[in-house]
Amino acid sequence: MAQEDAVRCLRCLLYALNLLFWLMSVCVLGVAAWIRDTLNTVLTLTAHTRLEEAAVLTYSPAVHPVIICVCCLLIIVAMVGYCGTLRSNLLLLSWYFCSLLVIFCVELASAVWTYDEPSVQRADMISLKFRMSNYGLQHYQWLTHTWDSFQMQFKCCGVIYFTDWLEMTEMEWPPDSCCTNQYPGCARHAHHHDLSDLHQEGCGPKIYSFIRGTKQLQVLRFLGVSIGVAQILAMALTLTLLWALYCGRQFQELDSEVTPGLPEDSTSIAATNGTTTDASKSGCGRMTKGRTETSAAEAQLKDPQVEMEWLNAAG
Numbered sequence: 001m002a003q004e005d006a007v008r009c010l011r012c013l014l015y016a017l018n019l020l021f022w023l024m025s026v027c028v029l030g031v032a033a034w035i036r037d038t039l040n041t042v043l044t045l046t047a048h049t050r051l052e053e054a055a056v057l058t059y060s061p062a063v064h065p066v067i068i069c070v071c072c073l074l075i076i077v078a079m080v081g082y083c084g085t086l087r088s089n090l091l092l093l094s095w096y097f098c099s100l101l102v103i104f105c106v107e108l109a110s111a112v113w114t115y116d117e118p119s120v121q122r123a124d125m126i127s128l129k130f131r132m133s134n135y136g137l138q139h140y141q142w143l144t145h146t147w148d149s150f151q152m153q154f155k156c157c158g159v160i161y162f163t164d165w166l167e168m169t170e171m172e173w174p175p176d177s178c179c180t181n182q183y184p185g186c187a188r189h190a191h192h193h194d195l196s197d198l199h200q201e202g203c204g205p206k207i208y209s210f211i212r213g214t215k216q217l218q219v220l221r222f223l224g225v226s227i228g229v230a231q232i233l234a235m236a237l238t239l240t241l242l243w244a245l246y247c248g249r250q251f252q253e254l255d256s257e258v259t260p261g262l263p264e265d266s267t268s269i270a271a272t273n274g275t276t277t278d279a280s281k282s283g284c285g286r287m288t289k290g291r292t293e294t295s296a297a298e299a300q301l302k303d304p305q306v307e308m309e310w311l312n313a314a315g
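If you count by full-length UniProt numbering, then the sequence shown holds residues 1 to 315, one letter each, in order.
Below is the structure:
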């Protein structure tokens with residue numbers, strides 16, 4: 001009865017861990033996709049600068065294709081583990097354990113391989129000004145769209161201040177994406193009447209803060225560590241469940257082989273003499289030995305010649 005309760009408890013814990021794997025993997029994929037979109041914009045603005053290298057070093061562990069594939073694979077492995085736990089299938093549970101071990105090793109190797117601190121300073125933001133001179137040109141429409149998207153998303157204008165547009169380009173006023181309330185010609189109106197209608201903060205500090213790390217990146221790191229800890233716990237519970245199921249099946253096979261040849265009185269005598277207790281305390285191996293000794297003793301009791309010798313000796 002105690003063994004059945006332990007197996008039931010192990011199965012419930014594995015159910016909970018597999019559900020946790022699904023939730024955390026989906027969260028990792030969602031946050032990584034969110035960061036990937038912003039990262040593409042930043043890499044476009046910082047192309048061929050030190051900022052581009054720093055951004056890649058910071059976010060490559062989070063949005064690397066290997067990590068994305070590992071999260072997708074972990075969802076499938078969690079489903080297999082759920083089915084193996086539900087059916088108490090030793091083969092599926094063994095495959096589940098091996099898969100978790102391989103995934104954990106890949107995650108650990110990726111974290112160690114890609115770990116590096118970005119070397120970037122605020123003075124490097126000045127290099128972004130040289131990317132502003134191509135704004136609005138016909139052959140650089142993609143760069144124009146990137147600048148507008150970044151300024152609207154992060155509510156900034158220019159690199160240090162909105163006057164950077166007047167300094168680095170031939171424009172007489174900033175782009176309309178710098179306006180707090182955007183409409184056609186809003187930047188021209190704000191430049192001539194009210195400068196407070198333009199975003200006062202530059203995009204350089206926003207990019208610097210993004211490269212040094214964002215809240216989304218911290219969430220991804222927390223999820224990665226949590227998944228690793230959950231994998232270690234799941235592997236330990238899977239090994240324990242495999243051992244319990246294997247020993248339980250060995251006990252059932254021994255009972256099916258020994259019990260039909262033994263009468264009820266012999267079984268009670270064996271239990272009284274402590275054979276069952278010793279076997280339960282000593283594991284699968286001693287249980288087999290206790291059953292074998294009990295069978296030999298019963299065979300001797302049933303031998304007619306031995307019974308005649310005992311009767312002659314008593315007479």
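Yeah, the Cβ is synthetic: ideal placement off N, Cα and C, and Gly gets one too. As the structure is a prediction and not an experimental result, all values here were calculated from the model.
In angstroms with no decimal places, state the Cα-to-Cα distance between residue i and residue j.
| i | j | result |
| --- | --- | --- |
| Cys203 | Val31 | 23 Å |
| Tyr208 | Met125 | 7 Å |
| Met235 | Ile160 | 52 Å |
| Met168 | Ser226 | 47 Å |
| Thr144 | Tyr135 | 5 Å |
| Glu52 | Leu128 | 11 Å |
| Ala6 | Leu13 | 11 Å |
| Ala230 | Asn89 | 21 Å |
| Thr163 | Pro174 | 8 Å |
| Val102 | Ser94 | 13 Å |
| residue 358 | Pro65 | Since the first residue of the chain shown is 1 and the last is 315, residue 358 is not available in this structure. |
| Phe104 | Leu223 | 14 Å |
| Ile28 | Leu220 | Reading off the sequence shown, one finds Val at residue 28, where the question assumed Ile. So the alpha carbons of these two residues sit roughly 6 Å apart. |
| Ser99 | Val77 | 7 Å |
| Glu4 | Leu19 | 23 Å |
| Tyr82 | Phe97 | 12 Å |
| Gly274 | Cys71 | Confidence is the limiting factor: at Gly274 the pLDDT is only 43, short of 50, which leaves the residue's position unreliable and the question unanswerable from this model. |
| Ser60 | Gly248 | 47 Å |
| Lys215 | Phe154 | 15 Å |
| Asn181 | Val106 | 48 Å |
| Leu39 | Tyr246 | 50 Å |
| Ala109 | Lys206 | 31 Å |
| Glu170 | Asp37 | 30 Å |
| Gly84 | Tyr15 | 10 Å |
| Gln141 | Thr49 | 20 Å |
| Ala47 | Trp22 | 36 Å |
| Arg8 | Trp243 | 14 Å |
| Leu17 | Gln200 | 48 Å |
| Ile35 | Ala190 | 32 Å |
| Leu218 | His192 | Reading off the sequence, residue 218 comes out as Gln, not Leu. Answer to the nearest angstrom: the Cα atoms are 42 Å apart. |
| Leu43 | Cys157 | 18 Å |
| His139 | Val80 | 52 Å |
| Ser133 | Ala33 | 30 Å |
| Gly185 | Gly213 | 35 Å |
| Gln151 | Leu86 | 52 Å |
| Tyr183 | Ser196 | 15 Å |
| Leu137 | Glu172 | 15 Å |
| Gly228 | Leu73 | 14 Å |
Would residue i pass as a contact of residue j if the rule is Cβ separation under 8 Å?
| i | j | result |
| --- | --- | --- |
| Ala187 | Asp176 | yes |
| Ala55 | Ile232 | no |
| Leu10 | Leu241 | yes |
| Ile68 | Ser25 | no |
| Thr41 | Thr146 | yes |
| Arg131 | Leu45 | yes |
| Cys179 | Leu198 | yes |
What three-state label does DSSP hand residue i in the structure shown?
| i | result |
| --- | --- |
| residue 382 | Residue 382 lies beyond the range of the chain shown here (1 to 315); nothing can be said about it. |
| Leu198 | strand |
| Glu4 | helix |
Regarding residue i and the ligand MG, is the C-beta to nearest heavy atom distance less than 7 Å?
| i | result |
| --- | --- |
| Gln182 | Among the ligands in the structure shown, none appear at all, so the ligand MG cannot be discussed. |
Original post:
In chain order, which continuous runs of the alpha helix (DSSP H) of length 4 or greater are located wholly inside the segment 7–50?
Top reply: none
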